[in-house]
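Engineer: Sequence order for the protein chains is A and Z.
By the count of the numbering used here, the first sequence reaches residue 353 at its end, each step adding exactly one.
By the count of the numbering used here, the second sequence reaches residue 353 at its end, each step adding exactly one.
Number of protein chains: 2
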Amino acid sequence: MIHDVARLAGVSHQTVSRVLNDHPNVRGTTRDRVLSAMRQLNYRPNALARGLASRRSRTVGVVGFDTRLFGPASALLAIEQAARAAGYAITLSSLAAEDAGSVRRSVEALADQSVDGVIVIAPREDSARGVSEFQGGLPIVAVEAGYAGGDVPVVSVDQFTGARLATDHLLELGHRTVWHVAGPADWLEAQERVEGWRASLADAGVPAPPLIRGDWSPASGYRAGLDLAARPGASAVFVANDEMALGLLHALSERGVRVPQDVSVVGFDSIPESEFFIPALTTVRQDFDELGRRGLELLVDLMDDSPTHEEFRSRVTPSLMVRRSTARYGGGDRAPRFSAA
Amino acid sequence: MIHDVARLAGVSHQTVSRVLNDHPNVRGTTRDRVLSAMRQLNYRPNALARGLASRRSRTVGVVGFDTRLFGPASALLAIEQAARAAGYAITLSSLAAEDAGSVRRSVEALADQSVDGVIVIAPREDSARGVSEFQGGLPIVAVEAGYAGGDVPVVSVDQFTGARLATDHLLELGHRTVWHVAGPADWLEAQERVEGWRASLADAGVPAPPLIRGDWSPASGYRAGLDLAARPGASAVFVANDEMALGLLHALSERGVRVPQDVSVVGFDSIPESEFFIPALTTVRQDFDELGRRGLELLVDLMDDSPTHEEFRSRVTPSLMVRRSTARYGGGDRAPRFSAA
DNA sequence: AGGGACACAGTGAGCGCTCACGCAGGTAGG
DNA sequence: CCTACCTGCGTGAGCGCTCACTGTGTCCCT
Chain A
13 MIHDVARLAG VSHQTVSRVL NDHPNVRGTT RDRVLSAMRQ LNYRPNALAR
63 GLASRRSRTV GVVGFDTRLF GPASALLAIE QAARAAGYAI TLSSLAAEDA
113 GSVRRSVEAL ADQSVDGVIV IAPREDSARG VSEFQGGLPI VAVEAGYAGG
163 DVPVVSVDQF TGARLATDHL LELGHRTVWH VAGPADWLEA QERVEGWRAS
213 LADAGVPAPP LIRGDWSPAS GYRAGLDLAA RPGASAVFVA NDEMALGLLH
263 ALSERGVRVP QDVSVVGFDS IPESEFFIPA LTTVRQDFDE LGRRGLELLV
313 DLMDDSPTHE EFRSRVTPSL MVRRSTARYG GGDRAPRFSA A
Chain Z
13 MIHDVARLAG VSHQTVSRVL NDHPNVRGTT RDRVLSAMRQ LNYRPNALAR
63 GLASRRSRTV GVVGFDTRLF GPASALLAIE QAARAAGYAI TLSSLAAEDA
113 GSVRRSVEAL ADQSVDGVIV IAPREDSARG VSEFQGGLPI VAVEAGYAGG
163 DVPVVSVDQF TGARLATDHL LELGHRTVWH VAGPADWLEA QERVEGWRAS
213 LADAGVPAPP LIRGDWSPAS GYRAGLDLAA RPGASAVFVA NDEMALGLLH
263 ALSERGVRVP QDVSVVGFDS IPESEFFIPA LTTVRQDFDE LGRRGLELLV
313 DLMDDSPTHE EFRSRVTPSL MVRRSTARYG GGDRAPRFSA A
């Protein structure tokens with residue numbers, strides 16, 4: 013096919029290849045002849061052949077865990093768009109279960125597809141290990157994976173600061189202490205948020221109430237909400253994500269506990285829906301787009317092994333969105349209107 | 013590389029290739045020798061080279077519009093998993109804007125990547141046109157794209173029936189009529205839902221209130237809610253998706269209109285959060301997983317050009333999830349507690 | 001005037017596979 | 001006993017490109 017173009021343009025196949033790859037040392041007039049021949053023949057370079065010959069597929073693999081969730085889905089989209097802009101195609105590989113083994117297998121599968129690099133969106137501890145387990149000389153970047161990933165380049169949101177933001181906000185409103193509904197213990201993000209919460213309480217010199225564990229789902233937030241509704245002393249809660257906060261709000265409403273009059277609630281993520289929760293949820297916004305963009309940028313640097321970003325760990329700073337679910341501490345305990353089932 | 017395996021196993025490269033491709037006419041003992049040689053050398057076939065030689069990349073392209081939304085994201089995930097099971101890799105191409113041109117460009121870009129087939133997740137009218145615009149002899153399946161797509165094979169949810177389900181439910185509860193907050197006019201799904209709603213009202217012999225347009229966003233649902241709160245006659249609303257229903261619920265709550273005592277609300281999609289809205293939202297569930305699975309199945313059939321499914325249009329039936337946002341019509345108009353700003 | 005440097009173009013090999021053949025040897029049918 | 005056919009395996013070419021190398025002509029410096 014490249015030969016047809018070459019013949020029509022009256023040059024060698026190599027010159028066509030040079031034009032294709034923007035090599036210098038092609039005279040302008042020659043280039044124009046080649047380009048017009050390409051247009052005439054509606055020539056489309058064969059990506060497979062280029063990849064085979066050049067050993068660069070111009071494709072990056074993305075390993076994602078549950079890309080239905082807002083965070084991963086947003087990061088994926090941002091990565092895809094940044095990749096397209098940088099001239100890379102995206103090959104996707106979702107994880108069924110997220111454990112070290114399946115992350116490794118996914119990366120291997122992508123390597124078999126001859127991708128030039130891999131981005132792993134996988135926020136659990138195990139997956140970070142899965143990444144470092146992979147031995148293949150393939151550039152890999154982890155996104156949303158906290159700091160624990162050994163020597164893997166990581167781009168992540170500063171969860172610690174985000175959690176402090178949330179907790180400090182509640183303390184500044186006069187609450188005596190802040191409860192925390194956390195995510196699963198094996199999620200790096202959940203861990204960091206717990207630490208931020210603890211640090212904030214410690215700095216304020218107030219005791220930390222017992223931790224309540226959720227699993228990110230609204231249902232688990234609902235259960236936490238029932239629990240909290242039965243504790244008249246609890247006046248402020250920092251919930252580790254917006255979905256759980258939704259469930260919690262639901263439970264409090266069912267129990268007749270008013271938000272924010274009786275209890276203040278802060279979420280995390282700022283999913284688009286959170287602004288329309290009842291009441292509108294005060295939450296910590298993570299910029300997933302920025303995350304995806306930076307991840308791809310870092311990967312491109314690694315693939316070009318240009319003067320590689322000395323910064324192999326990049327952190328995105330979250331911000332607090334104050335809405336209607338938080339208010340000044342009113343003092344006193346709630347009268348237990350309903351007993352908790 | 014295949015030669016190394018061949019040498020170690022004492023066979024020709026062609027025999028290795030036969031083993032790789034599960035060809036018959038290889039003696040069991042020979043096959044075993046080849047397999048063990050592969051294992052010893054940790055041989056990984058080069059997908060690019062196989063694709064180049066065989067003219068089949070074993071890759072399918074997916075064009076998706078805003079894969080952050082629950083529907084597209086779920087379909088994408090299901091497609092990916094079905095593809096993996098069928099031995100295909102996934103190349104992703106998200107759409108920035110959804111118009112005919114950019115759909116066509118996306119499909120072309122995927123064709124340039126030598127994909128064997130394409131699935132388009134693009135629910136707008138324009139995109140269906142974009143698909144049929146593409147001339148490339150590439151198998152294409154549209155998902156979530158209604159019926160309007162000319163001669164393109166389509167897998168979609170029966171939106172018409174879904175809308176009837178919702179409207180009938182409200183009418184059966186005794187409501188005099190049902191209002192509808194619709195999606196954008198150029199979305200096929202929105203159109204079908206409007207038609208289902210109209211058909212249901214017509215069958216019941218009740219007049220259709222004016223249509224309220226939204227844009228799928230919670231914010232537009234919120235605006236619709238403010239509008240409806242000011243109409244004391246409105247006692248039942250069918251909202252075209254759950255996000256808008258959330259915004260609507262928020263507005264009603266702000267205005268002191270109680271759901272379901274004063275107004276019954278039905279959504280569409282059954283996003284995971286909807287169960288924890290306040291109150292839990294009655295909604296129409298679409299099985300996006302089934303959609304994705306069937307889409308890929310259909311595409312595989314087309315790619316193998318096996319006795320091709322004579323059914324080129326496959327419809328998934330939605331179901332009604334009755335929760336707490338709907339109740340029997342209480343009779344009488346709402347007393348306007350608050351005037352609409 | 002000679003030689004080095006550079007701009008521009010062409011030649012052949014080969015990336016790692018599969019495809020279309022060819023060629024033995026065994027089994028069956030007449 | 002010859003043809004016909006199947007099983008099992010090998011040989012060579014080639015998929016559509018890029019890479020490394022070679023070969024011109026032109027300009028500039030010494």
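For glycine and all other residues, C-beta sits at the position ideal for the given N, C-alpha and C.
Spatial neighbours of A:ALA236 within its chain, please: C-beta separation below 6 Å, excluding the five flanking residues on both sides.
Structural biologist: Within the first sequence, residue 236 of chain A is the residue found at index 224, counting from 1. VAL193, ILE224, GLY226 and LEU260.
Engineer: Give me the DSSP bridge partner(s) of Z:ARG225.
Structural biologist: One-based indexing of the second sequence puts residue 225 of chain Z at position 213. Paired residue(s): Z:ALA194.
Engineer: Beta-carbon of A:PHE82 versus every beta-carbon of chain Z: anything under 8 Å?
Structural biologist: Reading the first sequence from its first residue, position 70 is the one you call residue 82 of chain A. At least one chain Z Cβ lies under 8 Å of A:PHE82.
Engineer: For A:GLY73, which option in A:PHE300, A:VAL275, A:ALA123 and A:LEU107 has the closest C-alpha, if you only look at C-alpha atoms?
Structural biologist: Here the question's residue 73 of chain A lines up with position 61 in the first sequence. Minimum Cα distance to A:GLY73 is reached at A:ALA123.
Engineer: In angstroms, rounded to a whole number, what distance separates the CA positions of A:ARG210 and A:GLY83?
Structural biologist: To locate residue 210 of chain A, count along the first sequence from 1; it is residue 198. To locate residue 83 of chain A, count along the first sequence from 1; it is residue 71. Computed Cα separation, rounded: 24 Å.
Engineer: Less than 8 Å between the beta carbons of Z:LEU264 and Z:GLY129, yes or no?
Structural biologist: In the second sequence, residue 264 of chain Z corresponds to position 252, counting from 1. In the second sequence, residue 129 of chain Z corresponds to position 117, counting from 1. No; because the gap between Cβ atoms is not below 8 Å, this pair is not in contact.
Engineer: Measure the beta-carbon distance from Z:GLU255 to A:GLU285 and round it to whole angstroms, keeping in mind my assumption that it falls under 8 Å.
Structural biologist: Position 243 of the second sequence, counted from the start, is the residue given in the question as residue 255 of chain Z. Position 273 of the first sequence, counted from the start, is the residue given in the question as residue 285 of chain A. Their Cβ separation, rounded to whole angstroms, is 6 Å, which keeps Z:GLU255 and A:GLU285 in contact under 8 Å.
Engineer: So which of A:PRO196, A:ASP274, A:VAL119 and A:TRP191 has the shortest CA-CA distance to A:VAL143?
Structural biologist: If you number the first sequence from 1, residue 143 of chain A lands on position 131. Answer by Cα proximity: A:VAL119.
Engineer: Would you mind working out which of A:ARG116, A:VAL155 and A:THR41 sits nearest A:ASP301, comparing C-alpha positions?
Structural biologist: Residue numbering aside, residue 301 of chain A sits at position 289 when the first sequence is read from its first letter. Answer by Cα proximity: A:VAL155.
Engineer: Tell me which residues of the segment 29–62 of chain A have at least one Cβ-Cβ distance to chain Z shorter than 7 Å, keeping chain order.
Structural biologist: Result list: ARG56, ASN58, ALA59, LEU60 and ALA61.
Engineer: Under 8 Å between C-beta atoms, does Z:PRO230 make it to chain A?
Structural biologist: Along the second sequence, one-based indexing puts residue 230 of chain Z at 218. Cβ-Cβ to chain A under 8 Å: yes for Z:PRO230.
Engineer: What number of angstroms, rounded off, separates the C-alpha of A:ARG325 from the C-alpha of A:ARG51?
Structural biologist: Position 313 of the first sequence holds residue 325 of chain A. Position 39 of the first sequence holds residue 51 of chain A. The alpha-carbon atoms of A:ARG325 and A:ARG51 are separated by roughly 44 Å.
Engineer: Buried or exposed for A:HIS181, going by 16 or more other Cβ atoms inside 10 Å?
Structural biologist: Numbered from 1 along the first sequence, position 169 holds the residue referred to as residue 181 of chain A. When all chains shown are included, A:HIS181 counts as buried.
Engineer: Can a CB atom of chain A be found closer than 8 Å to the CB of Z:PRO284?
Structural biologist: Counting from 1 along the second sequence, the entry for residue 284 of chain Z is found at position 272. Yes - at least one Cβ of chain A is within 8 Å of the one on Z:PRO284.
Engineer: Quick one: using the 10 Å Cβ neighbour count with 16 as the cut-off for buried, is A:GLU184 buried or exposed?
Structural biologist: Taking the first residue of the first sequence as 1, we reach residue 184 of chain A at position 172. With fewer than 16 other Cβ atoms within 10 Å, it is exposed.
Engineer: Is A:PRO348 helix, strand or coil by DSSP?
Structural biologist: To locate residue 348 of chain A, count along the first sequence from 1; it is residue 336. Confidence at A:PRO348 is low in this model, with a pLDDT of 49, below 50, so its placement is unreliable and the value that follows should be read with caution. Correct three-state label for A:PRO348: coil.
Engineer: Within its chain, find whatever has a CB closer than 7 Å to the CB of Z:ILE283; leave out the 5 residues flanking it on each side and keep chain order.
Structural biologist: If you number the second sequence from 1, residue 283 of chain Z lands on position 271. The answer, listed in chain order, is PHE82 and ASP254.
Engineer: What's the C-alpha gap between A:VAL38 and A:ALA61?
Structural biologist: Position 26 of the first sequence, counting from 1, holds the residue named residue 38 of chain A. Position 49 of the first sequence, counting from 1, holds the residue named residue 61 of chain A. Roughly 22 Å separates the two Cα atoms.
Engineer: Which chain A residues sit within Cβ distance under 8 Å of Z:SER86?
Structural biologist: Counted from its first residue, the second sequence places residue 86 of chain Z at position 74. Chain A residues near Z:SER86: ARG80.
Engineer: Which runs of the beta strand (DSSP E), 3 residues or longer, sit entirely within the segment 197–279 of chain Z?
Structural biologist: Correct list: 248–251.
Engineer: Mind checking whether A:GLU201 and A:PHE172 have CB atoms under 8 Å apart?
Structural biologist: Position 189 of the first sequence, counting from 1, holds the residue named residue 201 of chain A. Position 160 of the first sequence, counting from 1, holds the residue named residue 172 of chain A. Not a contact, by the Cβ cut-off of 8 Å.
Engineer: Give me the subset of the segment 248–265 of chain Z whose CB atoms are less than 8 Å from a CB atom of chain A, sorted by chain position.
Structural biologist: Those would be GLU255, LEU258, GLY259, LEU261, HIS262 and SER265, in chain order.
Engineer: Step through the CB atoms of chain A and report whether any lies within less than 8 Å of the CB of Z:GLN93.
Structural biologist: Here residue 93 of chain Z is taken as the residue at index 81 of the second sequence, counted from 1. Judged by the 8 Å Cβ criterion, Z:GLN93 is in contact with chain A.
Engineer: Using a cut-off of 9 Å between C-beta atoms, extract the partners of Z:PHE77 located in chain A.
Structural biologist: Position 65 of the second sequence, counted from the first residue, corresponds to residue 77 of chain Z. Under the 9 Å cutoff, chain A gives no residues; its nearest Cβ is about 10 Å from Z:PHE77.
Engineer: Under three-state DSSP, which class holds Z:VAL31?
Structural biologist: Looking up residue 31 of chain Z in the second sequence gives position 19. Note: Z:VAL31 maps to helix in three-state DSSP.
Engineer: According to DSSP, which residues form a beta bridge with Z:GLY73?
Structural biologist: Position 61 of the second sequence, counted from the start, is the residue given in the question as residue 73 of chain Z. DSSP output for Z:GLY73 lists Z:THR103 and Z:VAL130 as bridge partner(s).
Engineer: Looking only at C-alpha atoms, which of Z:ALA257, Z:ASP316, Z:VAL334 and Z:ARG96 sits nearest to Z:TRP191?
Structural biologist: Position 179 of the second sequence, counted from the first residue, corresponds to residue 191 of chain Z. Checked all of Z:ALA257, Z:ASP316, Z:VAL334 and Z:ARG96; the closest Cα to Z:TRP191 is Z:ALA257.
Engineer: Could you check if A:ALA90 is buried or exposed, using at least 16 other CB atoms within 10 Å of its CB as the buried criterion?
Structural biologist: Start at 1 with the first residue of the first sequence, and residue 90 of chain A comes out as number 78. Buried: at least 16 other Cβ atoms inside 10 Å.
Engineer: Give the residues from the segment 124–152 of chain Z that approach chain A closer than 7 Å (Cβ to any Cβ), ordered along the chain.
Structural biologist: If the cut-off is 7 Å between Cβ atoms, the segment 124–152 of chain Z has ASP124, GLN125 and SER126 near chain A.
Engineer: Given that a residue counts as buried once 16 or more other Cβ atoms are within 10 Å of its Cβ, and exposed if not, what is Z:ASP281?
Structural biologist: For the purposes of this step, residue 281 of chain Z is taken as residue 269 along the second sequence, with counting starting at 1. By the neighbour-count rule (16 or more Cβ atoms within 10 Å), Z:ASP281 is buried.
Engineer: Grab me the residues of A:THR294's own chain with a C-beta within less than 6 Å of its C-beta, minus the 5 sequence neighbours each way, in chain order.
Structural biologist: Position 282 of the first sequence, counted from the first residue, corresponds to residue 294 of chain A. Cβ within range, chain order: VAL278, VAL334, ARG335, SER337 and THR338.
Engineer: Out of Z:TYR100, Z:ALA121 and Z:ALA85, state which residue places its alpha-carbon closest to the alpha-carbon of Z:PRO135.
Structural biologist: One-based indexing of the second sequence puts residue 135 of chain Z at position 123. Ranking the options by Cα distance to Z:PRO135, first place goes to Z:ALA85.
Engineer: Exposed or buried, which one is Z:ARG176 when buried takes at least 16 other CB atoms within 10 Å?
Structural biologist: Locating residue 176 of chain Z in the second sequence gives position 164, where the first residue counts as 1. Z:ARG176 should be labelled buried.
Engineer: Go through its chain and collect everything with a Cβ distance to A:ALA108's Cβ below 8 Å, but skip five positions before and after it.
Structural biologist: Start at 1 with the first residue of the first sequence, and residue 108 of chain A comes out as number 96. Within the same chain, A:ALA108 has close Cβ partners SER114.
Engineer: Does any C-beta atom of chain Z lie closer than 8 Å to the C-beta of A:THR103?
Structural biologist: By 1-based counting over the first sequence, the position of residue 103 of chain A is 91. Yes, because at least one Cβ of chain Z sits closer than 8 Å to the Cβ of A:THR103.
Engineer: For the beta strand (DSSP E) containing Z:ILE152, list its first residue and its last residue.
Structural biologist: On the second sequence, residue 152 of chain Z is found 140 positions in, with the first residue counted as 1. Per DSSP, Z:ILE152 belongs to the beta strand (DSSP E) from 152–155.
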